[in-house]
Amino acid sequence: MIRENALTTDEYRWSIGDVEIAGPLVLGPMAGFTSPALRILCRRAGAHLVYSEMVAAQGIKHRNRKTFALLRTFDQEQPVAVQIFGGDPEIMADAVPFVEKAGAAIIDINMGCPVPKVLRSEGGAALMYDAERAVAIAAAVAERATVPVTCKIRAGVILGDSSYLDLALRLQDAGVAAVAIHGRTVKQGYCGDADHAHTKALVQALDIPVIASGDVFSPKLPASIIDDTGCAGVMIARGAVGRPWIFSQAKDVLAGREPSADPAPGTRMGIALCQAQMMALEIDEARAVHKMRAHLAWYTKGLPGGKRLRGAFNTIQSLGDMRGLMHDYVDYLAAKDVEPPPERAK
Ligand SMILES: Cc1cc2nc3c(=O)[nH]c(=O)nc-3n(C[C@H](O)[C@H](O)[C@H](O)COP(=O)(O)O)c2cc1C
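For the sequence shown, the numbering used here begins at -12 and goes up steadily by one.
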């Protein structure tokens, strides 16, 4: 269905503090996934803003080499929000100059991650239980930063808990320039559906922009979430893994067009190879090839012979092996004259 009240691209422009964002489509932060390679691909596909994975403020304090590797950003991905986590206001604020030096256009504070490593730092979702600490961290980071500071929160601790509204208001007062909300509670983790009624409640409560996050797997959803909630941005996280072109499809919908079809298998392989090559420039080839396995599992989802292809990808050691397998696969499809996979853009 064509969206009747489609806005022009200009009408979707917004800003976070003084950083102008050309449209509403945002690549959400994902630990282990949103490295510069995926961020650059998503920007090229049409994402208007991209988030790094979370980076430990403690790691920055201890000048940890691996932590600093996670901070790297590139001109091609700007504007990029670099997300930090931690539970100590001073350590979080001390991380700011390093994050800015690494090229962050925006600094985001993780207030929603429920994994034990992050909870132990008293950061991430632990801050949803401790508004005082959350606000102290936001104030300290905003005070030190020369770039805008944002927070990514959950929709409360348990279902029915609306304390996130009060927390977000206090974050706004503390100098935060935008809030992203994953529409699930901390206790829900990833169970149940994300509820964007919380996004709407936040939009109504705050003067700063709100970004919706949760279950955006269809390119048609950003437009409808914006219509339903009035939010400024919509994050796509899991839906962009092995599928960066979802951003160009979502842009089609925002412009009032039907989303273009998913790329043909050969093109998908080319995009995946491009990601792997960029990753090999960021880290080393062996690690890039290993890390790409998780991405390739998604790039091959729904493709004819995808299961066998995934098995084969899990044994490769080099970019050359990857390229060879991809060529063989495309030849196999051509020889069999296999129908292209069914379109996933629903
Ligand atoms: C593998 C994985 C890693 C994630 N890492 C982060 C993270 O580092 N920081 C964060 O704020 N959220 C993180 N998230 C949460 C996502 O940003 C997003 O809010 C959540 O997955 C819901 O959106 P989606 O349904 O579009 O994936 C992660 C999610 C996944 C699946």
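Glycine included, C-beta positions come from ideal geometry on N, C-alpha and C.
Alpha-carbon spacing of residue i relative to residue j, whole angstroms
i, j, result
"K333", "S22", "Because the pLDDT at K333 is just 49, under 50, the model does not fix this residue reliably, and the point stays unresolved."
"V83", "P252", "42 Å"
"I223", "K48", "30 Å"
"I94", "V134", "7 Å"
"R230", "I140", "25 Å"
"K207", "Q236", "8 Å"
"G176", "L154", "19 Å"
"A121", "D249", "41 Å"
"A188", "D318", "52 Å"
"A275", "A227", "18 Å"
"S247", "G257", "18 Å"
"P103", "G111", "10 Å"
"D315", "D194", "54 Å"
"E272", "M265", "10 Å"
"L14", "E7", "16 Å"
"M(-12)", "E(-2)", "Note that M(-12) scores a pLDDT of 47, beneath 50, so its modelled location is shaky; the value from the coordinates is reported in the next line. Cα-Cα distance, rounded: 21 Å."
"G289", "P196", "36 Å"
"L152", "F234", "29 Å"
"T216", "D160", "22 Å"
"D81", "C29", "30 Å"
"G143", "P16", "19 Å"
"T54", "V42", "6 Å"
"K88", "G19", "22 Å"
"L58", "E269", "11 Å"
"W232", "R244", "15 Å"
"M98", "A125", "10 Å"
"G147", "D182", "12 Å"
"R26", "Y38", "8 Å"
"I145", "D214", "27 Å"
"V163", "V240", "30 Å"
Residue i versus the options, residue with shortest Cα-Cα distance
i, options, result
"A210", "G253, P103, K238", "K238"
"Q63", "A34, A80, E40, K139", "A34"
"Q45", "I27, F85, I8, T60", "F85"
"A9", "L36, D215, A18, G217", "L36"
"V69", "V136, Y316, L12, A267", "V136"
"M309", "V240, A259, L320, A91", "A259"
"G201", "L283, D271, I212", "I212"
"V190", "V221, A80, A132", "V221"
"R107", "I198, T186, F72, A24", "F72"
"R255", "L241, L158, V173, G293", "G293"
"A350", "F61, Q304, A281, A164", "Any question about residue 350 goes unanswered here, given that the chain covers just -12 to 333."
"C218", "R244, S205, H185", "H185"
"V173", "R157, S150, V166, A126", "S150"
"E130", "H282, F204, L158, C100", "L158"
"A321", "R225, A24, P291, T302", "P291"
"L306", "M279, R295, G298", "M279"
"C178", "L156, P101, R297, A32", "P101"
Opening and closing residue of the alpha helix (DSSP H) in which residue i lies
i, result
"T216", "208 to 216"
"F55", "52 to 57"
"Q70", "Here Q70 belongs to no alpha helix (DSSP H); instead the beta strand (DSSP E) covers 67 to 72."
"A188", "184 to 192"
"P231", "Taken as a continuous stretch (DSSP letters only), P231 belongs to no alpha helix (DSSP H), as it is neither H nor E."
"I124", "118 to 131"
"L154", "150 to 160"
"P246", "Neither: P246 is in no alpha helix (DSSP H) and is coded neither H nor E."
"F300", "293 to 300"
"L106", "103 to 107"
Residue i in three-state terms, based on DSSP
i, result
"F85", "helix"
"V221", "strand"
"W1", "strand"
"I27", "helix"
"Y177", "coil"
"I168", "strand"
"I145", "coil"
"V42", "strand"
"M(-12)", "Caution applies to M(-12), whose pLDDT of 47 falls short of 50 and renders its modelled position unreliable; the value that the coordinates give is listed next. Note: M(-12) maps to coil in three-state DSSP."
"A251", "coil"
"L312", "helix"
"H282", "helix"
"L260", "helix"
"H277", "helix"
"L114", "helix"
"L306", "helix"
Host beta strand (DSSP E) of residue i (start-end)
i, result
"T137", "136 to 141"
"A199", "197 to 200"
Beta-bridge pairing of residue i - partner residues as DSSP gives them
i, result
"V37", "L14, V67"
"N97", "K139"
"I8", "W1"
Around ligand 2, which residues pass a check of Cβ closer than 5 Å to any of its heavy atoms? With respect to small molecules bound, the structure shown includes ligand 1 and not ligand 2.
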